[in-house]
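What follows is a single structure, written as structure tokens, with notes after it.
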Amino acid sequence: GKREVQSASAGEIIMFSGLDNIEIGDTLITNEGGGADAAGPLPPIAVELPTVRMTLGVNKSPLAGREGKFLTSRMIRDRLFKELDRNVALQVEETDSADKYAVSGRGQLHLTVLIETMRREGFELEVGPPVVIFKENEETGQTEEPFEMVEVRVPEEYSGSVIDLFNTRNGELQDMGLDDSGEAMSVIKYLIPTRGMLGVRSELLSATRGTAIIDAVFDSYRPKIAGEIQARDKGSLLAFEDGVVTSFGLENAQDRGKLFLKAGEDTYKNMIIGIHQRPGDLAVNVCKTKALTNMRSATKGITVGITAPIELSLDASVEYLASDEILEVTPSAFRMAKNPEMMGKKAGKGKNK
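555 is the number that the numbering used here gives the last residue of the sequence shown; the numbers go up by one with no jumps.
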């Protein structure tokens, strides 16, 4: 437990207040006798630099403001800068937009934990896709990117799927063998760029039927790999219009791919409602209602079951995002949509051709 004391000796953990501008890693020494009897300061702790950046800002979707308590840019800004007092590996920067902030951290998980905490506190946010932070080597002038050492424990029958997945993301196999526990588990170690790790966890769990145990740690900055690293190979199903999802609309849309919504939920134009079964995006009308006439339909006796929707967590939603997509985070829901700013740029390019 805690108790109030007037002095403390070496090895004891103490808590005190009243001093400003104190940060983690600083050494406090006595000033008795002008500091003549004070011990030398300890070497400061070096905080590792962030490797992934995301944008957090005001929720601007048509469904914004229905659930959250904290909605304005000032509230979001105050909360983010307050987080810096205890989250030393986090960095928050202003952007060109007054209602967006660039938040950098030690990987995607570091940032999603912050987003989940803010969501539970009652914030509504618009979150951009994770982006890797590159840096320039001062000695060589080369652009470098962060690499991670990944260890995956998986049943032997799925080891081939794990190797194929990491190879497509420019991973370099470091070691492979059997676990010493005698449970027929393969241990696979890869050195892989952080760009290749974005979105890989959900694919890995799907390929191994949820049996993979993934452990990743930052390794070093290395020369940037040329070209783009393969992202998801399927497009998104987009809502055709604003409205309420109907069962009739879902019956027609589920043949196009896997859906995220169920009947009765609100949606808006260009909101991502599912995964297209082919590359490229497709707009579908899930708000469509069945026409009521006095004519008997030829397919009246045919009933089609509606497949249960995929329920995405915050981590899965962030991993799904492409570069032109955003995530709407509210206290009770996650909604993905096409970024209106990016769609405007694409439309402008199309008109010029």
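A virtual CB, placed ideally from N, CA and C, is assigned to each residue, including glycine.
At a Cβ-Cβ threshold of 8 Å, Lys464 and Ile477 do not count as neighbours.
In this structure, Ser449 is the residue among Asn454, Pro481, Ser449 and Glu453 with its C-alpha nearest to the C-alpha of Glu467. When beta bridges are read from the DSSP output, Tyr423 appears opposite Pro348. By the Cβ rule, the region 346-359 does not count as touching the region 285-304, because fewer than three pairs are nearer than 8 Å. In the DSSP assignment, the residues bridged to Gly307 are Val254. For a cut-off of 8 Å, the C-beta gap from Ser534 to Glu269 is around 6 Å, short enough to register as a contact. At the C-beta level, Val254 and Pro332 come within 8 Å of one another. For a cut-off of 8 Å, the C-beta gap from Val488 to Leu452 is around 6 Å, short enough to register as a contact. The residue from Ser404, Arg371, Ser408 and Ala418 with its alpha-carbon nearest to that of Gly398 is Arg371.
A distance below 8 Å between beta-carbons, with the five flanking residues on each side excluded, links Leu406 to the following residues of its chain, in chain order: Val354, Val364, Leu367, Ala414 and Ile416. Rounded to whole angstroms, the Cβ separation of Asp377 and Lys391 is 4 Å, and the two are in contact under 8 Å. Leaving aside the five residues that flank Glu521 on each side, the residues in its chain whose CB is nearer than 6 Å to its CB run, in chain order, Gly401 and Ser404. Annotation for Gly398: no beta strand (DSSP E) segment contains it, though the alpha helix (DSSP H) segment containing it runs Thr396 to Met399. If you draw a straight line from the Cα of Leu375 to the Cα of Leu393, it comes to about 6 Å. For the pair Leu523 and Val486, the CB atoms are not nearer than the 8 Å cut-off. No residue range can be given for Asp382, since it is assigned to no alpha helix (DSSP H) and is classified by DSSP as neither H nor E.
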